[in-house]
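Colleague: One structure coming up, written as structure tokens, with questions to follow.
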Amino acid sequence: MVLGRLFSIAVLAVALAGCTSLTGVYKRPDTQRVTETGKMETVTDAKTFEKGILQAFPDIPIPASHKIDLEQSVIFTSPSQSMGKIVLTGNGDVDSLYRFFESQMASNGWSMVNAFQSNVSSLYFAKPGRFTAIIIDGNQQSGTTVYMNIGPE
Numbered sequence: 025m026v027l028g029r030l031f032s033i034a035v036l037a038v039a040l041a042g043c044t045s046l047t048g049v050y051k052r053p054d055t056q057r058v059t060e061t062g063k064m065e066t067v068t069d070a071k072t073f074e075k076g077i078l079q080a081f082p083d084i085p086i087p088a089s090h091k092i093d094l095e096q097s098v099i100f101t102s103p104s105q106s107m108g109k110i111v112l113t114g115n116g117d118v119d120s121l122y123r124f125f126e127s128q129m130a131s132n133g134w135s136m137v138n139a140f141q142s143n144v145s146s147l148y149f150a151k152p153g154r155f156t157a158i159i160i161d162g163n164q165q166s167g168t169t170v171y172m173n174i175g176p177e
């Protein structure tokens, strides 16, 4: 059972890693437009993409100390399910982030399957039909990076 889950995680991670080059599908290049006052402004689709990630995974908590890295994140949605990789960057120690995800995922109805706590911590959660792997990397010079892979169980 555990070996099967680990295999599923590995397959999901490889599939999502291979699809990261497709992130451009969700974002358009910046464009210029003239406002009602006659000023030029830059319009970007980044906020729309970020909103799409949050809507696709409403039960996945995002800590206030971190922002979604839109260059590394990717989502795939269908009428029946969503799957994807969300990458968060920001400041915060690994311990605090570990406790945040441990409590907030449980509050959102996720059951912890297993976890490993160290400078690079891993937490694995399941819901009926869904599985999430969260890796918290504290080895970054600029803070911590959180990798979340969400997919079918």
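Mapping of the sequence shown onto my numbering: position 101 corresponds to residue 125, and the numbering continues sequentially without gaps. In this text, a Cβ means the ideal position worked out from N, Cα and C, and glycines have one as well.
Using the C-alpha atoms, what's the distance from Thr113 back to Ser142?
Modeller: Indexing the sequence shown from 1 puts residue 142 at position 118. Indexing the sequence shown from 1 puts residue 113 at position 89. Spanning the two alpha carbons is a distance of roughly 18 Å.
Colleague: How far does the beta strand (DSSP E) with Ala130 in it reach, from first residue to last?
Modeller: Numbered from its first residue, the sequence shown carries residue 130 at position 106. Ala130 -> not in any beta strand (DSSP E); alpha helix (DSSP H) instead, spanning Val118 to Ser131.
Colleague: To the nearest angstrom, how far is the alpha carbon of Asp83 from that of Tyr171?
Modeller: Locating residue 83 in the sequence shown gives position 59, where the first residue counts as 1. Locating residue 171 in the sequence shown gives position 147, where the first residue counts as 1. Roughly 16 Å between the two C-alpha positions.
Colleague: Using the C-alpha atoms, what's the distance from Glu60 back to Asn138?
Modeller: In the sequence shown, the residue the question calls residue 138 occupies position 114. In the sequence shown, the residue the question calls residue 60 occupies position 36. Distance between the alpha carbons of Asn138 and Glu60 is about 54 Å.
Colleague: Could you tell me the distance, in whole angstroms, from the CA atom of Val98 to the CA atom of Val58?
Modeller: As a position in the sequence shown, residue 98 is number 74, starting the count at 1. As a position in the sequence shown, residue 58 is number 34, starting the count at 1. For Val98 and Val58, the distance between alpha carbons rounds to 31 Å.
Colleague: Where does the unbroken beta strand (DSSP E) through Ser106 begin, and where does it stop?
Modeller: As a position in the sequence shown, residue 106 is number 82, starting the count at 1. Where Ser106 is concerned, the enclosing beta strand (DSSP E) stretches over Ser106 to Gly114.
Colleague: Let me know the secondary structure DSSP gives Lys75 once reduced to three states.
Modeller: Here residue 75 refers to the residue found at position 51 when the sequence shown is read from its first residue. Here Lys75 sits in helix by DSSP.
Colleague: Please classify Ala34: is it buried, with 16 or more other beta-carbons within 10 angstroms of its beta-carbon, or exposed?
Modeller: The residue labelled residue 34 in the question sits at position 10 within the sequence shown. Unreliable placement is indicated for Ala34, whose pLDDT of 49 sits below 50; no coordinate value is reported for it.
Colleague: Among residues of its own chain, excluding the 5 on either side of Ser89, which ones have a beta-carbon nearer than 6 Å to its beta-carbon?
Modeller: Locating residue 89 in the sequence shown gives position 65, counting from the first residue. Result list for Ser89: Gly114, Asn115 and Gly116, in chain order.
Colleague: How would you write the range of the beta strand (DSSP E) that Gln164 sits in, first residue to last?
Modeller: Working through the sequence shown from its first residue, we reach residue 164 at position 140. That run of the beta strand (DSSP E) goes Arg154 to Gln164.
Colleague: Gly62 lies in the beta strand (DSSP E); which residues open and close that run?
Modeller: On the sequence shown, residue 62 is found 38 positions in, with the first residue counted as 1. Per DSSP, Gly62 belongs to no beta strand (DSSP E) and is neither H nor E.
Colleague: From which residue to which residue does the beta strand (DSSP E) around Ile92 run?
Modeller: Residue mapping note: residue 92 aligns to position 68 of the sequence shown, counting from 1. Its beta strand (DSSP E) spans residues His90 to Ile92.
Colleague: Run the CB neighbour count on Ser104, radius 10 Å, all protein chains shown included, and call it buried at 16 or more, exposed below.
Modeller: Residue 104 sits at position 80 when you count from the first residue of the sequence shown. Here Ser104 is exposed: its Cβ has fewer than 16 other Cβ atoms, across all protein chains shown, within 10 Å.
Colleague: Mark Phe140 as exposed unless 16 or more other C-beta atoms lie within 10 angstroms of its C-beta, in which case mark it buried.
Modeller: Numbered from 1 along the sequence shown, position 116 holds the residue referred to as residue 140. It counts as exposed.
Colleague: Could you give the residue range of the beta strand (DSSP E) that holds Ile99?
Modeller: For the purposes of this step, residue 99 is taken as the residue at position 75 of the sequence shown. Start and end: Val98 to Thr101.
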